[in-house]
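Since the structure comes first, as structure tokens, the remarks are kept for the end.
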Amino acid sequence: MGTYAVTGSASGMGAAVVARLVADGHTVIGVDLKDADVVADLSTPDGRRTAAAAVLDRAGGVLDGAVLAAGLGPAPGRDRARLIAEVNYLGVVELLDAWRPALAAAQRAKVVVFSSNSTTTMPMVPRRAVRALLERDVPKALGSLRRFGRMAPSFAYGASKIAVSQWVRREAVTPEWAGAGIRLNAIAPGAILTPLLEQQLATPAEAKRIRAFPVPIGGFGDAGQLAAWVVFMLSDAADFLCGSVVFVDGGSDAWFRAGDW
Ligand code: NAI
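Residue numbers (UniProt numbering): 1 to 261.
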């Protein structure tokens, strides 16, 4: 049985992953704003440092895996674009930087990062914002999104998920990750019925946009099913999975870019 860190453990897909891991007999250290083993705010540098250190302390310096599910959706709001950049991007990469030695110590550790199918289905996400996030320069990323006005949080969301996917693919194959026996992969869900999506559906204009989005099999995904994919990506079956972004999205990614190779 292993020890796993799960961010965003209090709700939605993170909570569903925790339930599955615990049912399988694993030890889970959950990180969230509330109702978690480690209560921390991943939108601040201090919160990220505290979360990283508290998890390492509880794990005794060895982690068999980590799931980075904490995230914010593209809702409107003055500070929302910054929060999205900090939680969805820095809340992944800074924690994984800190946890990498503990993951390496487990020898066959697996990491699953939550990306999104917005990475390939959302048009016009400025590359400059993605590049700035990869440089960990949030003010620069926000500067390049300012021209989008009220829509800035949507593009911050798209940029945060593209950046996190690129980071995963870039790092996964390096001596520090693959070479240290750590499998680093991402999952890219489509619209999954969780509190995050329910919040978006509560706004009529947003609900209309979401329901008009092409999903070939129709409807929304289920958090428990997504959690089953994540647990599979944490299992021995994923020993040969490295730097992959697994789309579980009812066919939207295929619908938009069947010819893209
Ligand atoms: P959710 O809203 O149910 O759960 C997200 C969790 O992250 C919450 O418990 C929340 O408290 C936590 N969180 C947010 N800000 C935080 C902060 N500053 N510090 C610590 N924890 C914080 O969302 P859901 O749907 O389960 O999302 C999980 C991941 O999947 C997110 O990264 C999201 O972007 C991604 N995703 C979700 C999709 C969906 O349709 N639900 C689609 C594609 C990706």
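Every residue, glycine too, gets a C-beta built ideally from N, C-alpha and C.
From the DSSP output, read off the bridge partner residues of residue i.
i      : result
ASP32  : VAL39
VAL18  : VAL18 pairs with nothing; no bridge assigned.
PRO189 : VAL248
What separation, rounded to the nearest whole angstrom, lies between the Cα atoms of residue i and residue j?
i           : j      : result
GLY149      : PRO74  : 13 Å
LEU226      : GLY250 : 12 Å
ALA36       : GLY259 : 43 Å
THR203      : LEU193 : 15 Å
PHE247      : ARG257 : 13 Å
LYS140      : SER244 : 28 Å
LEU96       : SER9   : 16 Å
residue 270 : ARG20  : Residue numbering for the chain in the displayed model covers 1 to 261; residue 270 lies beyond these limits and cannot be assessed.
ALA109      : VAL138 : 29 Å
residue 340 : LYS161 : Nothing about residue 340 can be read from this structure; the chain reaches only from 1 to 261.
ALA106      : GLY60  : 11 Å
LEU142      : VAL87  : 14 Å
GLY12       : LEU197 : 9 Å
residue 269 : ASN117 : Since the first residue of the chain shown is 1 and the last is 261, residue 269 is not available in this structure.
PHE232      : ALA5   : 16 Å
Indicate whether residue i and residue j have their beta-carbon atoms separated by less than 9 Å.
i      : j      : result
ALA156 : ARG82  : yes
ALA52  : ALA104 : no
ALA69  : GLY158 : no
VAL168 : VAL67  : no
ALA186 : VAL112 : yes
SER165 : MET122 : no
ALA152 : ARG80  : yes
VAL28  : THR7   : no
Tell me, to the nearest whole angstrom, how far the beta carbon of residue i is from that of residue j; I am working on the premise that it is less than 8 Å.
i      : j      : result
ARG183 : LEU241 : 6 Å
GLY65  : LEU234 : 5 Å
The region 167-179 / the region 100-115 touching (three or more Cβ pairs under 8 Å) = The region 167-179 makes contact with the region 100-115: 3 or more CB pairs, one atom from each, lie closer than 8 Å.
Any 3 or more C-beta pairs closer than 8 Å across the region 198-212 and the region 116-131 | Counting C-beta pairs with one atom in each stretch, the region 198-212 and the region 116-131 have fewer than three that are closer than 8 Å, which means they do not touch.
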